[in-house]
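I have placed the structure first, in the form of structure tokens, so that the comments after it can refer back to it.
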Amino acid sequence: IREGDNFSNGGILRFESPSGTVLSPDYPEGYGNNMNCVWLIQSDPGSRIHLAFNDFDLEAPYDSLTVKDGETNDANVIGRFSGAESPSHLTSNTNTLRLEFQADHSMSGRGFNITYSSTLPLFLFYF
Numbered sequence: 001i002r003e004g005d006n007f008s009n010g011g012i013l014r015f016e017s018p019s020g021t022v023l024s025p026d027y028p029e030g031y032g033n034n035m036n037c038v039w040l041i042q043s044d045p046g047s048r049i050h051l052a053f054n055d056f057d058l059e060a061p062y063d064s065l066t067v068k069d070g071e072t073n074d075a076n077v078i079g080r081f082s083g084a085e086s087p088s089h090l091t092s093n094t095n096t097l098r099l100e101f102q103a104d105h106s107m108s109g110r111g112f113n114i115t116y117s118s119t120l121p122l123f124l125f126y127f
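Here it is, written out as structure tokens:
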């Protein structure tokens with residue numbers, strides 16, 4: 001099963017593996033109308049999460065993907081994306097990323113394919 005398959009509109013999917021793929025519903029055939037989806041990616045405490053946008057096509061400016069640095073709805077927004085240009089890579093400041101996808105009542109794009117991986121921060125010690 002892919003992360004975009006069988007997604008319940010209005011639901012929240014939670015990922016806790018160290019790496020994986022987040023797909024918009026029905027990717028790449030195009031997502032439906034009136035979508036409101038949330039993905040939570042959580043890694044080990046103290047780690048960070050890296051996102052790589054492999055493919056991105058949303059109806060601009062009406063459909064969007066918002067990436068937040070934290071678990072809650074009021075977490076800090078680190079990016080809001082729409083259109084057909086793939087965003088650059090993103091890295092969280094915390095061990096949780098919240099991806100919020102919203103689509104309006106008409107037209108849709110191909111959707112998105114995003115891979116994530118988590119890493120512990122690198123510390124340098126001088127003696």
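Numbered per UniProt numbering, the sequence shown spans residues 1 to 127.
Every residue gets a Cβ at the ideal spot worked out from N, C-alpha and C, and that includes glycine.
Small disclaimer: the values here were computed from a predicted structure and weren't measured.
Apart from sequence neighbours up to five positions away, the residues of its chain that approach aspartate 104 with a beta-carbon distance below 8 angstroms are Asn33, Asn34, Glu59, Tyr62 and Asp63, ordered along the chain. The C-alpha of phenylalanine 101 lies about 25 angstroms from the C-alpha of proline 45.
Here the region 66 to 75 does not lie against the region 17 to 36, with fewer than 3 beta-carbon pairs under 8 angstroms apart. Membership of asparagine 54 in the beta strand (DSSP E) is indicated by the continuous run 48 to 57.
Note on geometry: alpha-carbon atoms of threonine 94 and glycine 20 lie some 18 angstroms from one another.
Membership of arginine 14 in the beta strand (DSSP E) is indicated by the continuous run 12 to 15. Contact between threonine 66 and arginine 80 holds, with the beta-carbon distance rounding to 5 angstroms and staying under 8 angstroms.
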